[in-house]
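**Q** The structure follows.
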Amino acid sequence: MISLADIPSRSPVQAYGPVALLALALATAPWWLPAIGLYQYLGVEVAIWMIFALGFNLLFGYAGLHSFGHGAYLGIGAYAFGLFQQNVALSLWGGLGAAILAAGFAGAIVGVFVSHRRGIYYALLTIAFGQVFWFSSMKLYGITGGEDGLLGIPRPPLTFFGLEFDLRSNVALFYLSAIFLLLTVLILWRLVNSPFGRVLQAIRQNETRARFAGYEVWRFKWAAFVISAMFAGLAGGLFSMAQQSAYPDVMSLHQSGLIVMMVLVGGGLVSFWGPVLGVILYFVARDVLGGLTETWLLWYGLMFMAMVMLRPEGVAGMLHLGWKRLRGGEKPAVLAAEKA
Amino acid sequence: MTDILPHLLNGLTLGLLFALIALGFTLIVGVMEVINLAHGSLFALGAYFALTVLGAGWFGDTAFGAWWLSLAIETRYVAALLIGPLLAALAGMALELCLRPTYGKAPLYGLLLTFGAALVIEEIIRLGWGTGEQNLQVPAAINGPILVAGFIYSKYKFFAAGFSLVAIVAVWLFLERTPYGAIIKAGAHDSEMVRALGYDLSKLRLLVFGFGAALAGLAGIIMVPIWGLRPHVGIDVVIPAFLIIVIGGIGSFWGAVVAALLVGLAVGITGAYAGAWATMSMYILLIVVVGFRSRGLFGRKSALEN
């Protein structure tokens, strides 16, 4: 595996190019999406999943903590947003705040339990907690509406310094999600290249050594878990607006596994931008492959298996290699691939 | 106190069934240090193969199919019990071949690969057998109600529990009393040494994976008349299986059996008083056990922790 840690800490300048590209793609999406035969709602979905995937990768790729129950925090965010609209007040900011806080709170509690664990036990405990939340959401009928979920969640208007925007159209909601996505990118970029992010990478490389270097490892693991749960909560809040409902399915093991697949296929293990590529690839597979054959999930699954076997560094890793070959003709450094 | 007896009995039978499911899982984890998330899918695959064998699936219209269907259901059931696990074992071996590139890497990759495989197998099942709920026929001798101490039970549950008990003891005897079992256990303990002694490690892994998959398929055939057969039964099953091996301690045979009985009892008793929350009790049990004993009840240090 080439690892994130082989890529040195980078200044914001290096993010300008990709961020500008992403911003341009997002800003123009409502024009080119219909032009290539797709639909506006897809843009909303992709932006939301990118927020989720980027936040998840802080934990998965940077800290090397393999959470397999992350769908739960997406779901908690979605439920919190819906419950806030229905029981407290019709407010966008209030709802999103509630979504982020609720997911962060759940993450904080779970984090206390899992942060002293490592390796496979970490993965298994996160699955168990994910299942607890999923199961609760189905059984706490009075709060969550059982298996049907919360229906008819409104899209409250966006109020910003006295201005008010209507979010009921998918294009408007898309722009809101896109702005949140860009904010997510900027915050996470700053975070992973901060001392905090470097410690996370050190934990990923060798937890024991990081501990002997004097870091209270479990606090960093806990913090990474909480932060990534909060981003999942934000994505969940937006998701419940997009779907206008919140239901247990988003918290299932299936969804939690899906986010792992997306991040890995995209190359989250080696690149900050991996999750973005992975989400795009997944939705392209779903909508393009899904248009051709009903069994697209079979082909996606096979592609995923091949990727894990042959190219675990994902699309981002392949692009990185290809770029290196193109540039100097220099022989690409033997990636530390076989080391890990 | 007498009210709780039937629930205890129920819980114990459930526990034995869980133990049967966890058996193959713990074997594979112990020897190969791979968490096989496709275990549930192999379980489903075994049951679907049995369904085809029993009902003469695609060959029903041929002369052979007609002759086959004219045989007594008992004969066909026994044939299904043999052929289903065998085919599941072949699928498991194919999966083991796919797993080879991940050996020596972080355990995450095995987990990811088998997760992908679970997805793929589920889709294949949807393609091959349809998406609806199906029913696996069982012979009349082991079907129907039975009266025990004034309570009505299903005969099949007793058959299934007894079958599981026999299978558990048989696997234990195989591991403890035969030279093959000794090699497998040695492989779990120190695979380098086993290789140094001249055993073919890759063949050993292939066979162990096949054996684990066969046990999964067998568990599928036994369980499915109780739980119902649908394409995503695999995911429903793999979760209790791994909860059990984590509670019991990864790689520990008796740990898995004890944990399965505990989980069965927890589910049975919770089911009696708060039916809707029965499944939840397993997760709570896991969190409590692993919260206090990070390696489970009987676990040792394992490479999977790195």
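Chains A and B are the protein sequences, given in the same order. This note's numbering applies: residue 932 is where the first sequence begins, and numbers increase by one. This note's numbering applies: residue 12 is where the second sequence begins, and numbers increase by one. C-beta atoms are modelled at their ideal positions from N, C-alpha and C, and glycine is treated no differently.
Output needed for A129/B: all residues of its chain with C-beta closer than 8 Å, excluding positions within five of it in sequence on either side, in chain order.
**A** On the second sequence, residue 129/B is found 118 positions in, with the first residue counted as 1. If we look at A129/B and ignore the five residues flanking it on each side, its Cβ neighbours are L48, A49, G51, S52, G245, I246 and V249.
**Q** Confirm, please, whether the CB-CB distance from G1248/A to G1167/A is below 7 Å.
**A** Taking the first residue of the first sequence as 1, we reach residue 1167/A at position 236. Taking the first residue of the first sequence as 1, we reach residue 1248/A at position 317. In this structure, G1248/A does not lie closer than 7 Å to G1167/A by Cβ.
**Q** Sorted by chain position, which residues of the same chain lie with C-beta nearer than 6 Å to K1270/A's C-beta, five sequence neighbours on each side aside?
**A** Against the first sequence, residue 1270/A aligns to sequence position 339. Per-residue confidence for K1270/A stands at a pLDDT of 34, beneath the threshold of 50, marking its modelled position as unreliable; no derived number is given.
**Q** So which residues of chain A does A287/B contact, with C-beta pairs closer than 7 Å?
**A** Taking the second sequence and counting its residues from 1, one reaches residue 287/B at position 276. Those within 7 Å of A287/B in chain A are K1070.
**Q** Round the Cβ separation of V274/B and L308/B to the nearest angstrom and send it over; I've been treating them as touching at under 8 Å.
**A** Against the second sequence, residue 274/B aligns to sequence position 263. Against the second sequence, residue 308/B aligns to sequence position 297. No, V274/B and L308/B are not in contact; Cβ-Cβ is about 12 Å, not under 8 Å.
**Q** Using beta carbons (cut-off 7 Å, strictly below), is G310/B in contact with chain A?
**A** Residue numbering aside, residue 310/B sits at position 299 when the second sequence is read from its first letter. False, the Cβ-Cβ gap to chain A never drops below 7 Å.
**Q** Locate the alpha helix (DSSP H) running through V1148/A, then write down its first and last residues.
**A** Along the first sequence, one-based indexing puts residue 1148/A at 217. That run of the alpha helix (DSSP H) goes V1148 to Q1174.
**Q** Chain A partners of P118/B, CB-CB under 8 Å?
**A** By one-based count along the second sequence, residue 118/B stands at place 107. By Cβ distance, chain A contributes G1050 and I1051.
**Q** Does DSSP put E1269/A in a helix, in a strand, or in coil?
**A** Reading the first sequence from its first residue, position 338 is the one you call residue 1269/A. Residue confidence for E1269/A is low, a pLDDT of 34 falling below 50, so the modelled location carries little weight; the figure read from the coordinates is stated next. Residue state, collapsed to three classes: helix.
**Q** Less than 7 Å between the beta carbons of F36/B and A252/B, yes or no?
**A** Along the second sequence, one-based indexing puts residue 36/B at 25. Along the second sequence, one-based indexing puts residue 252/B at 241. Yes, Cβ-Cβ distance for F36/B and A252/B is below 7 Å.
**Q** Where does P1243/A fall in DSSP's three states?
**A** Within the first sequence, numbered from 1, the residue matching residue 1243/A stands at position 312. Correct three-state label for P1243/A: coil.
**Q** In the DSSP assignment, what are the bridge partners of P156/B?
**A** By 1-based counting over the second sequence, the position of residue 156/B is 145. In DSSP, P156/B forms a bridge with S165/B.
**Q** Residues of chain B with a CB under 7 Å from the CB of M1182/A: which are they?
**A** Translated into positions along the first sequence, residue 1182/A becomes position 251. By Cβ distance, chain B contributes nothing, its closest Cβ being about 13 Å from M1182/A, past 7 Å.
**Q** Could you name the residues of chain A that I46/B contacts, counting a contact when the two beta carbons are closer than 7 Å?
**A** Along the second sequence, read from residue 1 onward, the residue named residue 46/B stands at position 35. By Cβ distance, chain A contributes I1051.
**Q** Please check the pair E1244/A and L1200/A, which I expect to be a contact at CB under 8 Å, by giving their CB distance rounded to whole angstroms.
**A** Here residue 1244/A refers to the residue found at position 313 when the first sequence is read from its first residue. Here residue 1200/A refers to the residue found at position 269 when the first sequence is read from its first residue. Right, their Cβ atoms sit about 6 Å apart.
**Q** Flag A1059/A as yes if its beta-carbon sits less than 7 Å from any beta-carbon of chain B, otherwise no.
**A** For the purposes of this step, residue 1059/A is identified with residue 128 of the first sequence, where counting begins at 1. Yes, A1059/A counts as interfacial toward chain B.
**Q** Are there three or more Cβ pairs, one per stretch, closer than 8 Å when the region 17-33 of chain B is compared with the region 216-234 of chain B?
**A** Touching, yes.
**Q** Out of R1258/A, P961/A and T1226/A, state which residue places its alpha-carbon closest to the alpha-carbon of I136/B.
**A** Numbered from 1 along the second sequence, position 125 holds the residue referred to as residue 136/B. The candidate whose alpha carbon is nearest that of I136/B is T1226/A.
**Q** Taking contact to mean 3 or more Cβ pairs, one atom from each stretch, closer than 8 Å, check whether the region 971-989 of chain A and the region 1139-1150 of chain A are in contact.
**A** No contact exists between the region 971-989 of chain A and the region 1139-1150 of chain A.
**Q** Give me the DSSP bridge partner(s) of E1095/A.
**A** Along the first sequence, read from residue 1 onward, the residue named residue 1095/A stands at position 164. In DSSP, E1095/A forms a bridge with T1090/A.
**Q** Measure the Cβ-Cβ separation of A1155/A and L1131/A and say whether it is below 7 Å.
**A** Counting from 1 along the first sequence, the entry for residue 1155/A is found at position 224. Counting from 1 along the first sequence, the entry for residue 1131/A is found at position 200. Yes, they are a contact pair.
**Q** Contact between the region 990-1009 of chain A and the region 1185-1194 of chain A is defined here as three or more beta-carbon pairs at a separation below 8 Å; is this criterion met?
**A** Yes, they touch.
**Q** How is A1177/A classed by DSSP in three states: helix, strand or coil?
**A** Residue mapping note: residue 1177/A aligns to position 246 of the first sequence, counting from 1. The answer is strand: DSSP assigns A1177/A an E or B state.
**Q** Output the boundary residues of the alpha helix (DSSP H) element that contains D247/B.
**A** On the second sequence, position 236 is the one that residue 247/B refers to. Here the alpha helix (DSSP H) through D247/B covers V244 to G259.
**Q** For the region 984-1006 of chain A, which residues have a CB atom closer than 7 Å to at least one CB atom of chain B, in sequence order?
**A** The region 984-1006 of chain A vs chain B, Cβ under 7 Å: H997.
**Q** Chain B partners of P1206/A, CB-CB under 9 Å?
**A** As a working note, residue 1206/A is residue 275 in the first sequence. Under the 9 Å cutoff, chain B gives no residues; its nearest Cβ is about 15 Å from P1206/A.
**Q** For the candidate residues G259/B, P150/B, G155/B and F220/B, whose alpha-carbon lies nearest to that of G26/B?
**A** Indexing the second sequence from 1 puts residue 26/B at position 15. Among G259/B, P150/B, G155/B and F220/B, the Cα nearest to that of G26/B is on G259/B.
**Q** Taking one C-beta from the region 1009-1019 of chain A and one from the region 1221-1237 of chain A each time, how about it: are there three or more such pairs within less than 8 Å?
**A** As far as the Cβ criterion goes, the region 1009-1019 of chain A does not touch the region 1221-1237 of chain A, which means the pair count is below three.
**Q** Reducing DSSP to helix, strand and coil, say where L82/B ends up.
**A** Your numbering for residue 82/B matches position 71 in the second sequence. The answer is coil: DSSP assigns L82/B none of H, G, I, E or B.
**Q** I want to know whether the region 297-306 of chain B touches the region 1047-1059 of chain A - three or more CB-CB distances under 8 Å.
**A** In short, these stretches touch, since the Cβ pair count reaches three.
**Q** Per DSSP, what kind of secondary structure is V299/B in: helix, strand or coil?
**A** Locating residue 299/B in the second sequence gives position 288, where the first residue counts as 1. If DSSP states are grouped into helix, strand and coil, V299/B belongs with the helices.
**Q** Counting only beta-carbon separations shorter than 7 Å, does G1188/A have a partner in chain B?
**A** Along the first sequence, read from residue 1 onward, the residue named residue 1188/A stands at position 257. G1188/A counts as touching chain B.
**Q** Rounded to a whole number of angstroms, what is the C-alpha to C-alpha distance between G974/A and G155/B?
**A** The residue labelled residue 974/A in the question sits at position 43 within the first sequence. The residue labelled residue 155/B in the question sits at position 144 within the second sequence. Near 55 Å, if we compare the C-alpha coordinates of G155/B and G974/A.
**Q** Could you check whether E107/B and L217/B sit closer than 7 Å to each other, using their CB atoms as the reference points?
**A** For this step, residue 217/B is matched to residue 206 along the second sequence. For this step, residue 107/B is matched to residue 96 along the second sequence. Yes, the Cβ-Cβ distance between L217/B and E107/B is below 7 Å.
**Q** Just reading off the alpha helix (DSSP H) that I967/A is part of, what are its end residues?
**A** Residue mapping note: residue 967/A aligns to position 36 of the first sequence, counting from 1. Neither: I967/A is in no alpha helix (DSSP H) and is coded neither H nor E.
**Q** Tell me which residues of the region 97-115 of chain B have at least one Cβ-Cβ distance to chain A shorter than 9 Å, keeping chain order.
**A** Flagged, chain order: C109, L110, R111, P112, T113 and G115.
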